[in-house]
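Quick note: to get our numbering, add 473 to the position in the sequence shown (first position is 1). The beta-carbon is built from N, C-alpha and C at its ideal position, and this holds for glycine as well.
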Amino acid sequence: MPIVHTIRTLMIAISKLSKDYGKRSLFENISLNINAGERIGLLGPNGTGKSTLFAMILGEIEPSDGEIRMNKNIRIGHLPQECGFHSQRTVIEELLEGDSEINRLNKEKDELEKEGSADSMRYGDILERLEILGYFQLEYKAKKILTGLEFKEDDFCRPVKQLSGGWQMRVLLAKLLTCPYDILLLDEPTNYLDLNAAVWLKDYLSDFKGSFIMISHDKAFLTEVTNYTLILDNGSIFKVKGSYEHYEQIKEERRKFLVKQFKDQEKKKEQLERFVSRFHAQPNKAASVRAKRTALERLKESAVGLLPNSRASIGDFRFPGTKRSGHKVITLEGISKSYGDITVYEDFDFEVYQREKAVLAGDNGAGKSTLLKIMAGVVDIDKGRRIVGHKVDIGYFSQTRLDVLNPENTVLAEAYSAAPGYMAETAVRTILGALLFSGDDSEKKVKVLSGGEKSRLILVKLLIDPPNFLLLDEPTTHLDVDAVDALTNALRQYEGTIVFISHDIYFVRRVANVVFDVQSGKVRKIAGEFDYYLEKKAKGELLSENSHGFGYRKPNHCSSTYRAIRKEREEPKKEDTDKLRLKEEKKRRIKEEKRRRAHNAATGGKIDKLKHEKENLRLEMYSKSRSLSDPRIYRRRDEETAKEYGRRIKEIEKLIVQIDEEIKTLKSGLLPVTGLN
Ligand SMILES: Nc1ncnc2c1ncn2[C@@H]1O[C@H](COP(=O)(O)OP(=O)(O)OP(=O)(O)O)[C@@H](O)[C@H]1O
Ligand SMILES: [Mg+2]
């Protein structure tokens, strides 16, 4: 934690905030404080203004009224709901060098060292600040977080711009968790994670010492990691201590209490009104009637209202019947596809049959989205044939929504763009209305739509001209709970064929009747429910080689193993044996020399790395000892931190001894080299 909080520090104060877009008011007069140590879940149906609230806290959008005040020392980290990442750095560089404050301090530190001013007060202050920012543990932490988010070591050095959108979001998330922020604003962080990574993030955030506000539609996730809940609904906001589950409980209690109060109040009102209407003409009751009238007025003034109903989400909808396609919906024959030097598929065969509702399961990066794109015909293939079956119409729902939406269109124009030939505007508007786009919403530009609204608009387009083969990449992402339910039901009743990718187990279970397990360019078909697949996977049965009907990849006769076997069978040629032996011997010695040099170079690299580590530890120890001994700094620390620092200093002393030992051992392992080339 960058700031040591001994008391509850106010971080963000929101007061009387309102925001409207034209006639539509998102929130009115909301006030709320965010304090250090709060881990807040922010919930609300699609389009209620959650992301807008973040944008206002960050100062990217102006409120219509009211203000947001911020503790000026806090650093805010933000994970947007969708973003393009334009970094020139590699993954690890982005985490280690992507923080502007750390960069600035490091530069100044280097300059002071060059000038020979490493004993100056300023130098000490810089180390102190770097220490507070967690700089000395940065690399260790970065690697741990990347591994947790399922980056392989090879990926650490890949340029960020080469990664897919989903993986770029993971880099950003890793960076937010690695770098020192006082508060994180996380807008649906699990959207791009598969199950394993989501579980890792849940565990990480459960132990997280900083503060965050996290928007999510995943109530189970929120329940485990938050200690406060914010509900944004109907233009107002409620903050409740406790996780979502707790909110549901008190909401129910409060609702019961209010209903009772409301009923009592109505009963009282009725009695008073009856009295007034019965006796208002009788002079001897005039005083009582006056008193009852006053009571009635007071009652009306202080009347309790019932909690407003939540804004409705989409209700059930159905895909209209579509024309029947041929039995084979799509066939891929001998397909090869690479991105640069990464081969995703090689000589790959695949088939989908009519009325299959197939989920592509398998690890992240296994090539699921690429397979869907190949089927959709939206990426070029390097080799092979893609054969679309008889009378097959394809509808593709891309993970990056904007691939299939034009941001400059209005909602109505975008929906119209999907209409086949002539279609009455009222018919288009009816479908828009069913998916909750009212008259005013239809005039909005696509680019201002919220995440969930963009997903809904793609569904509108699919409903306007229903295809009989749906290719869906994470269709439930961004949708609120009710909308996911509505989509699940619609797809269950859909009469066409579906191939989809989803990390939402509940959704997969209810929709899939076939599972394709995708693992590094190979696909196996498991005909049956998703749970049957999970069971097989848990037992490790998917790891064994193909049994009948499962494999879809041709044996690769060009593989190196195959070539090696062929070579072994070839007859050796006759040559002068002495000459050959000499040649062989020279070759062997050169090879040996190369091996020694490589060994020494690797050892040298290890020694340099250890020296670097030692230097960082030395600096960390220096800055910690300085913090403990300098009363000017020590005053700012609490007892707990002082103890922690003492413990760490001892640990560093031991680590330095260990590193010296390791360097000694490595040096003694250096091999003599001869200069032979
Ligand atoms: N510039 C704008 N003009 C008009 N309406 C806008 C503009 N920007 C956003 N909106 C609307 O404001 C509403 C709130 O958007 P926001 O992105 O904050 O929703 P959200 O709660 O984050 O929803 P989701 O759960 O779908 O991400 C949406 O209906 C959106 O269409
Ligand atoms: Mg949003």
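Euclidean distance between Cα positions of residue i and residue j
i: residue 1091; j: residue 1132; result: 12 Å
i: residue 1071; j: residue 1087; result: 24 Å
i: residue 897; j: residue 618; result: 53 Å
i: residue 814; j: residue 843; result: 15 Å
i: residue 789; j: residue 955; result: 9 Å
i: residue 621; j: residue 673; result: 6 Å
i: residue 423; j: residue 643; result: Outside the displayed span of the chain (474 to 1150) sits residue 423, for which this structure offers no information.
i: residue 693; j: residue 929; result: 23 Å
i: residue 616; j: residue 1096; result: 24 Å
i: residue 598; j: residue 702; result: 38 Å
i: residue 485; j: residue 761; result: 53 Å
i: residue 570; j: residue 576; result: 6 Å
i: residue 914; j: residue 963; result: 23 Å
i: residue 709; j: residue 982; result: 35 Å
i: residue 818; j: residue 977; result: 26 Å
i: residue 1143; j: residue 624; result: 33 Å
i: residue 676; j: residue 640; result: 20 Å
i: residue 682; j: residue 574; result: 21 Å
i: residue 1058; j: residue 1073; result: 22 Å
i: residue 513; j: residue 699; result: 5 Å
i: residue 716; j: residue 646; result: 22 Å
i: residue 489; j: residue 508; result: 18 Å
i: residue 787; j: residue 504; result: 29 Å
i: residue 482; j: residue 551; result: 20 Å
i: residue 1024; j: residue 808; result: At residue 1024 the pLDDT is 33, less than 50, meaning the model places this residue with poor confidence and gives no usable figure here.
i: residue 1034; j: residue 822; result: Confidence is the limiting factor: at residue 1034 the pLDDT is only 28, short of 50, which leaves the residue's position unreliable and the question unanswerable from this model.
i: residue 911; j: residue 889; result: 15 Å
heavy atom of ligand 1 below 6 Å from residue i C-beta
i: residue 568; result: no
i: residue 519; result: yes
i: residue 1077; result: no
i: residue 921; result: yes
i: residue 717; result: no
i: residue 494; result: yes
Check: residue i C-beta below 6 Å from any heavy atom of ligand 2
i: residue 917; result: no
i: residue 1188; result: Lying outside 474 to 1150, the shown extent of the chain, residue 1188 is not represented and no answer is given.
i: residue 928; result: no
i: residue 419; result: No answer is possible for residue 419: it lies beyond the span of the chain, which begins at 474 and ends at 1150.
i: residue 554; result: yes
Cut-off 6 Å between Cβ atoms - residues of its own chain near residue i, not counting five sequence neighbours on either side
i: residue 493; result: 537
i: residue 638; result: 873
Cutoff 7 Å; reference residue i; Cβ partners in own chain excluding five residues on either side
i: residue 1139; result: 1076, 1079, 1080
i: residue 938; result: 891, 892, 893
i: residue 1017; result: Confidence in residue 1017 is poor, its pLDDT being 42 and thus under 50, which makes the residue's placement unreliable; the coordinate value appears in the next sentence. Cβ neighbours of residue 1017 beyond the five flanking positions: none.
i: residue 1130; result: none
i: residue 972; result: 825, 831, 833, 845, 848, 944
i: residue 523; result: 515, 517, 688, 705
i: residue 1125; result: 1090, 1093, 1094
i: residue 980; result: 949, 957, 961
i: residue 581; result: 599
i: residue 723; result: 713
i: residue 1037; result: Because the pLDDT at residue 1037 is just 31, under 50, the model does not fix this residue reliably, and the point stays unresolved.
beta-carbon residue i near ligand 3 non-hydrogen atom, thresh 6 Å
i: residue 603; result: Absence of ligand 3 is noted for the structure shown, with ligand 1 and ligand 2 being the only ligands found.
Beta-carbon contacts of residue i that lie in its chain and below 8 Å, excluding the five residues immediately before and after
i: residue 952; result: 519, 690, 925, 928, 929, 960
i: residue 880; result: 918, 919, 920
i: residue 1041; result: Because residue 1041 sits at a pLDDT of 34, beneath the cut-off of 50, its placement in the model cannot be relied upon, and the point is left open.
May I have a chain-ordered list of the alpha helix (DSSP H) segments no shorter than 4 residues that lie completely inside the segment 956-1010?
Correct list: 978-984.
In chain order, each beta strand (DSSP E) run of at least 3 residues that lies wholly inside the segment 847-913
For the segment 847-913, whole beta strand (DSSP E) runs of length 3 or above, ordered along the chain, are 856-861, 867-870.
Quick check on the DSSP output: what are the complete beta strand (DSSP E) runs of length 3 or more inside the segment 477-514, in order along the chain?
Counting whole runs of 3 or more residues, the segment 477-514 contains the beta strand (DSSP E) stretches 483-494, 497-508.
In the segment 701-752, which residue ranges form an unbroken alpha helix (DSSP H) of at least 4 residues, counting only runs that do not cross its ends?
Taking only runs of at least 4 residues, the alpha helix (DSSP H) segments lying wholly in the segment 701-752 are 717-752.
Contiguous alpha helix (DSSP H) assignments of at least 4 residues, all confined to the segment 589-617
Listed in chain order, they are 594-605.
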